[in-house]
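A short worksheet on the structure shown next.
2 protein chains.
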Amino acid sequence: MATTCRSGLHDRHDVYAAQCPCRDVLDLLANKWSALAVGALEEGPQRFGALQRRLEGVSPKVLTQTLRRLEEHGFVDRTIYPAVPLHVEYSLTELGRGVAGPLSALRSWVEEHLDQIHSARA
Amino acid sequence: MATTCRSGLHDRHDVYAAQCPCRDVLDLLANKWSALAVGALEEGPQRFGALQRRLEGVSPKVLTQTLRRLEEHGFVDRTIYPAVPLHVEYSLTELGRGVAGPLSALRSWVEEHLDQIHSARA
DNA sequence: GAGACTGCTATCTTTTGGAAAGTAATATCC
DNA sequence: GGATATTACTTTCCAAAAGATAGCAGTCTC
């Protein structure tokens with residue numbers, strides 16, 4: 003079996019290889035709404051409406067898409083409580099709590115360096 | 003002057019606020035090609051062609067766009083050496099070297115956890 | 001003069017993003 | 001009993017962005 007996406011002596015995956023499934027995962031995670039959604043869920047399980055309010059400006063369509071893709075890849079759990087009105091809760095899986103670190107670092111970096119970025123503008 | 007994008011006791015910026023300029027920066031950086039480009043430039047200044055080969059599968063149009071946006075925001079320097087054939091070099095600014103950390107962490111996390119992600123798939 | 005090299009633009013098509021409105025299944029209000 | 005509210009979405013439509021492909025300008029080599 004060909005391992006086109008592995009490289010180097012340690013046989014690791016390589017995001018720089020076009021054919022590596024890493025690319026799809028990076029594409030999913032390196033994305034504004036995913037970064038914000040995972041960050042929001044870091045504070046605990048949340049309902050659709052709460053997430054929508056937290057991620058200011060997200061449309062329900064895009065939020066649904068984002069959450070479903072995160073769920074497909076195993077970063078988020080979706081739990082339905084069959085109450086009325088309908089109650090759905092999203093939470094991070096262990097994997098989700100894992101990426102939360104790097105994503106949080108990126109978000110924080112942006113917040114902390116915005117003033118610098120502003121003055122460095124061309 | 004209104005500081006709609008600042009929140010909390012420490013008067014920091016907030017990526018969750020729709021109107022905060024943070025959003026634009028997060029959108030620029032939390033993006034597949036930006037993450038890969040900054041990572042490639044971490045190894046030293048590189049020419050357009052070299053970057054194109056490194057970021058397997060990127061089209062020249064998208065690479066140009068990505069580099070120009072990174073340049074506009076002060077993450078990348080573009081230096082033209084008026085030689086023949088034309089010689090253009092891209093390199094990270096100090097700000098660029100700053101984000102390189104968080105972005106590298108994200109890329110590495112993906113590479114290191116791909117197997118887990120694969121088996122966690124729904 | 002044919003081709004190669006570099007760093008792009010220009011054009012076209014496909015995909016995605018975002019705004020707005022609609023839906024289902026109750027529950028409660030008046 | 002009809003109107004309205006709630007939750008979590010779909011659906012539809014349009015605009016913006018991403019991606020594939022081709023071409024160009026300028027010069028050097030063969």
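In the order they appear, the protein sequences are chains A and B.
Its first residue numbered 3, the first sequence is counted upward by one per residue in this note's numbering.
Its first residue numbered 3, the second sequence is counted upward by one per residue in this note's numbering.
Every residue gets a Cβ at the ideal spot worked out from N, C-alpha and C, and that includes glycine.
For a contact defined as C-beta to C-beta under 8 Å, what are the partners of residue i on chain A?
| i | result |
| --- | --- |
| residue 56 (chain B) | 18 |
| residue 51 (chain B) | In chain order: nothing, as chain A lies at least about 15 Å away. |
| residue 132 (chain B) | Any answer about residue 132 (chain B) is impossible in this case: the structure gives chain B only from 3 up to 124. |
So residue i contacts chain A; which residues on that side make the cut at Cβ distance below 7 Å?
| i | result |
| --- | --- |
| residue 118 (chain B) | 97 |
| residue 59 (chain B) | 20 |
| residue 90 (chain B) | The contacting residues do not exist; residue 90 (chain B) stays about 16 Å from chain A at best. |
From the DSSP output, in three-state form, read off residue i for me.
| i | result |
| --- | --- |
| residue 81 (chain A) | strand |
| residue 25 (chain A) | helix |
| residue 75 (chain A) | coil |
| residue 123 (chain B) | coil |
| residue 64 (chain B) | helix |
| residue 2 (chain A) | What is shown of chain A runs 3 to 124, which leaves residue 2 (chain A) out entirely. |
| residue 86 (chain B) | coil |
| residue 107 (chain B) | helix |
In the DSSP assignment, the beta strand (DSSP E) including residue i goes from what residue to what residue?
| i | result |
| --- | --- |
| residue 93 (chain A) | 89–94 |
Mind pulling the chain B residues with CB within less than 9 Å of residue i?
| i | result |
| --- | --- |
| residue 123 (chain A) | 74, 75 and 76 |
| residue 100 (chain A) | 111, 115 and 118 |
By the DSSP assignment, the alpha helix (DSSP H) with residue i in it spans what residues?
| i | result |
| --- | --- |
| residue 56 (chain B) | 50–56 |
| residue 40 (chain A) | 34–43 |
Does the Cβ of residue i have 16 or more other Cβ atoms within 10 Å, making it buried, or fewer, making it exposed?
| i | result |
| --- | --- |
| residue 63 (chain B) | exposed |
| residue 160 (chain B) | The structure shown has nothing for residue 160 (chain B), since chain B only spans 3 to 124. |
| residue 114 (chain B) | exposed |
| residue 104 (chain A) | buried |
Anything in chain B within Cβ reach of residue i, meaning under 8 Å, just list it in chain order.
| i | result |
| --- | --- |
| residue 62 (chain A) | Within chain B, no residue comes near residue 62 (chain A); the closest Cβ sits about 15 Å away, beyond 8 Å. |
| residue 23 (chain A) | 116 and 120 |
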